[in-house]
Each structure stands twice: as structure tokens, then as C-alpha cells.
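J.: Keeping their order, the protein sequence lines are chains A and B. The first sequence begins at 1 in this note's numbering and counts up one residue at a time. The second sequence begins at 99 in this note's numbering and counts up one residue at a time. No residue lacks a Cβ here, since even glycine has one placed at the ideal position from N, Cα and C. Dropping the structure in here first, questions after.
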Amino acid sequence: MKNPISNLQKVFESRIRLGIMSALMVNDTLDFNTLKGLLGLTDGNLASHLKALEQQEIIAVSKQFIGRKTSTSYKATGHGRELFRRHLAALEKLINQK
Amino acid sequence: MESESTNPNNDLRAIRDIMERSSRFLSLSGLAGIFAGLCALIGAFFAWFFIFDSDKERFGEFLYSTDVSITSGIGLYLSLDAILVLVAAIVGAACFSRRKARLAGQPVWTTTTRRLIIHVAIPLFTGGIFILILALRNHLELVASVMLIFYGLSLVNAGKFTFSEIHYLGLTEIALGILAGVFVSQGLLLWTIGFGLMHLLYGSIMYYRYERQKKVE
Chain A
1 MKNPISNLQK
11 VFESRIRLGI
21 MSALMVNDTL
31 DFNTLKGLLG
41 LTDGNLASHL
51 KALEQQEIIA
61 VSKQFIGRKT
71 STSYKATGHG
81 RELFRRHLAA
91 LEKLINQK
Chain B
99 MESESTNPNN
109 DLRAIRDIME
119 RSSRFLSLSG
129 LAGIFAGLCA
139 LIGAFFAWFF
149 IFDSDKERFG
159 EFLYSTDVSI
169 TSGIGLYLSL
179 DAILVLVAAI
189 VGAACFSRRK
199 ARLAGQPVWT
209 TTTRRLIIHV
219 AIPLFTGGIF
229 ILILALRNHL
239 ELVASVMLIF
249 YGLSLVNAGK
259 FTFSEIHYLG
269 LTEIALGILA
279 GVFVSQGLLL
289 WTIGFGLMHL
299 LYGSIMYYRY
309 ERQKKVE
């Protein structure tokens, strides 16, 4: 049998990144402020985690103008969804093993 | 020996919590339901005792009259009465939801809130327009039924984005609406049960389930 821990994704070890991804799994897109309120984070903290997820192509970023303000919204990529599913399955296996 | 750095149980719990909070509007307060129910009861009371003068015949005549106008007489009073109830209930829902969100330290205006409002508004506006069509074609006997049915559909839609009680309240309203379509002479009574008593009932259930214990903590 394969070791389930090998399917745990390093990137989701951080509770914050896990939280961002959980929210994006059940919402098509979310904007920065919604994520901020949801996770109760500061701008800088959230931005750095989003950057990390973006660099690994787990989430995609799009900017649009609402009036004169820019609004940044985020969505999970297909690759990101697949990684998250694998991570969840690994977590479940770990629990069932006990 | 525990050597892993993560606790999978806690992780799964956190995932579930975020998924739920991000996709459901949890600031809807049971008090909003209770308030809406009271508004509807007052509105129905006013319609029956003042506009129809608690006169069954007058009510029956009105249902089948062929020259109603919504700009004068009974038609106007009833429309104003209904609009006042609707506006009061919506303002109440907004205020109580803002209060609940503030108490919980959660933002009230989120993507989910917008989604909820859009999904409620589509069947509600469709129903509103359809009621105007019914009024113009002198089918007043069906207005109570149509109000209940379209409002019920709105709530079933809303149920996907908020507490599951809303889904069941929606189904109840639809059932009452269908009854009101069959027993048209009981339209006002069924309307009062649907918009008045059912809101009080479901509002109280939601308040006791989700809000009361939290105050004790």
C-alpha cells in the first residue's frame, strides 16, 4: 500500500493556505476583501499567502475595475483543485488508519 | 508515536468551517422572520378589518370584480398595505442581519450576500410582475396564491445559500400557495398563515436554534 502521507501537499500545511483553498473550492471566485474578512487576516499576511498559491498555479488572479477602484479576485485552477482533492483524500486516509 | 506535524481532524474541521462560512449567509437572524411575521399579521388585520370591514361578501365581490383599479378604492388600499408590509419586512431583515453580523464580528456584505439577494430577487420580481398581470386581467382571486408560490420559490432558492430552515419554509409557502389557488375564497386566510404565522414559527425556531444559546456562552 502506498503511504498516504506522500499525498499530503506541502503547500497546504499552512492553515491559512488551506483556508484560502477551502473557500475557493466552494465559490467560483472571491475577492480580496471577502477572503480577508472570512479568514480574519491582515492585508500583508493574506497577500503573501495568495502570492505563494499563485506562484504554484494553484489559484488564478484577475483584476478588474469597479468604478475607479481595482478589485482583485481569485479562483482555484484545475491543477489547484486536483491537489486539494488529493490532500483531502490523504487526510481522510490518515484518520481512518487510526 | 505521533510524528506528523498536522492533525488531520483539526484540518478537516477547519476546512468544513471555512467552506460553510464562505458559501452560506449565516447572518440571517430569526428575529427578522419574527418581525416579518408581525408585519404580515398587522397588514392582514388591517386589510380584513378596515379595508374589507370584516365583510365576507365584500371580500368575495372584490375577488371576482371585473373593474378593479389599483389606483383607487379597495385596489389602491390593498396595494399600499401589501407594499408597506413588504418594505417593512425587508428593512427589518436587513437591520436584524446587520445586527447579528456585528455581534458575531463578521462582515455582512460579502459575495454570498450578493448571491443570496440575486437568487431571492429573480423569482420575487417575476412574481411581482405576474401579480400585476393578474390584476390587470381581473384575476384577483389568484393573487394570494401567486404571492405565496413565488415567495416560496424565492426561499427555496435562498435555502441553498443560508440556513436549511429557509428551504423548508419555502416548501411550506409553496404548499399553502397551491392550497390558496384551489380554495380561492380562503386566500386571505392562507396568506395570513403563510406570511404571518409561518414567519413567526420559523423565525422562532431559527432564533432558538442558532442565536439564543450563543448569548448564554
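Exposed or buried, what is D115 of chain B when buried is set at 16 or more other beta-carbons lying within 10 Å of its beta-carbon?
T.: exposed
J.: Buried or exposed: where does I149 of chain B fall if 16 or more other Cβ atoms within 10 Å of its Cβ makes it buried?
T.: Counting Cβ neighbours within 10 Å, I149 of chain B comes out buried, since at least 16 surround it.
J.: Measure the alpha-carbon distance for L39 of chain A versus T208 of chain B and round it to whole angstroms.
T.: So the two alpha carbons sit approximately 13 angstroms from each other.
J.: Along the chain, where does the beta strand (DSSP E) containing I149 of chain B start, and where does it finish?
T.: Per DSSP, I149 of chain B belongs to no beta strand (DSSP E) and is neither H nor E.
J.: Cα separation between N255 of chain B and F157 of chain B?
T.: 33 angstroms
J.: Helix, strand or coil: which one does DSSP assign to Q64 of chain A?
T.: In the structure shown, Q64 of chain A sits in a strand (DSSP, three-state: E or B).
J.: Could you work out which residue in B:T290, B:L286, B:H297 and B:I140 is closest to D153 of chain B when comparing CA atoms only?
T.: B:L286
J.: Could you pull out every residue in the same chain whose Cβ sits closer than 8 angstroms to the Cβ of M304 of chain B, ignoring the five residues on either side in sequence?
T.: L126, S127, G128, G131, F261 and E263
J.: Which residues does DSSP pair with T70 of chain A in a beta bridge?
T.: A:F65
J.: Mind checking whether G80 of chain A and I58 of chain A have CB atoms under 7 angstroms apart?
T.: yes
J.: Quick one: which chain A residues come within Cβ less than 7 angstroms of S362 of chain B?
T.: The displayed coordinates of chain B run from 99 to 315. Any statement about residue 362 of chain B would go beyond what the structure contains.
J.: Which residue spans inside the region 2 to 27 of chain A form an unbroken alpha helix (DSSP H) run of at least 4?
T.: Counting only runs of 4 or more, we get 15 to 26.
J.: If you measure from the beta carbon of I116 of chain B to each beta carbon in chain A, is any gap under 7 angstroms?
T.: yes
J.: What's the call for F194 of chain B, buried or exposed, on a 16-neighbour Cβ count within 10 Å?
T.: Buried: at least 16 other Cβ atoms inside 10 Å.
J.: H87 of chain A by DSSP, collapsed to three states: which one?
T.: helix
J.: Mind listing, in chain order, the continuous beta strand (DSSP E) runs of no fewer than 3 residues lying wholly within the region 236 to 304 of chain B?
T.: none
J.: Under 7 angstroms Cβ to Cβ from Y300 of chain B, same chain only, skipping five residues before and after it: list those, please.
T.: G131, E263 and L267
J.: Go ahead and pull the three-state DSSP assignment for I59 of chain A.
T.: strand
J.: If I measure Cβ to Cβ from V11 of chain A and keep anything under 8 angstroms in the same chain, skipping five residues before and after, which residues do I get?
T.: R17, A52, L53, Q56, I58 and L83
J.: Output the distance between the C-alpha atoms of G250 of chain B and T29 of chain A, rounded to the nearest integer angstrom.
T.: 28 angstroms
J.: Measure how close the beta-carbons of F248 of chain B and G225 of chain B come, nearest whole angstrom, since I'm counting them as under 8 angstroms.
T.: 3 angstroms
J.: Drop a sphere of 10 angstroms on the beta-carbon of K63 of chain A, count the other beta-carbons inside from all chains shown, and report buried for 16 or more, exposed for fewer.
T.: With fewer than 16 other Cβ atoms within 10 Å, it is exposed.
J.: Are the C-beta atoms of L38 of chain A and some chain B residue less than 7 angstroms apart?
T.: yes
J.: Determine which residues share a DSSP beta bridge with D165 of chain B and list them.
T.: Answer is none; D165 of chain B lacks a bridge partner.
J.: Inspect the CB distances between the region 196 to 215 of chain B and the region 230 to 247 of chain B and report whether three or more fall short of 8 angstroms.
T.: no
J.: Please report the distance separating the alpha-carbon of V206 of chain B from that of A180 of chain B.
T.: 27 angstroms
J.: If the cut-off is 9 angstroms on Cβ atoms, which residues from the region 3 to 22 of chain A count as contacting chain B, listed in chain order?
T.: Those would be I5, L8, F12, E13, R15, L18, G19, I20, M21 and S22, in chain order.
J.: What residues of chain A sit near I113 of chain B, judged by a beta carbon separation below 7 angstroms?
T.: L18 and S22
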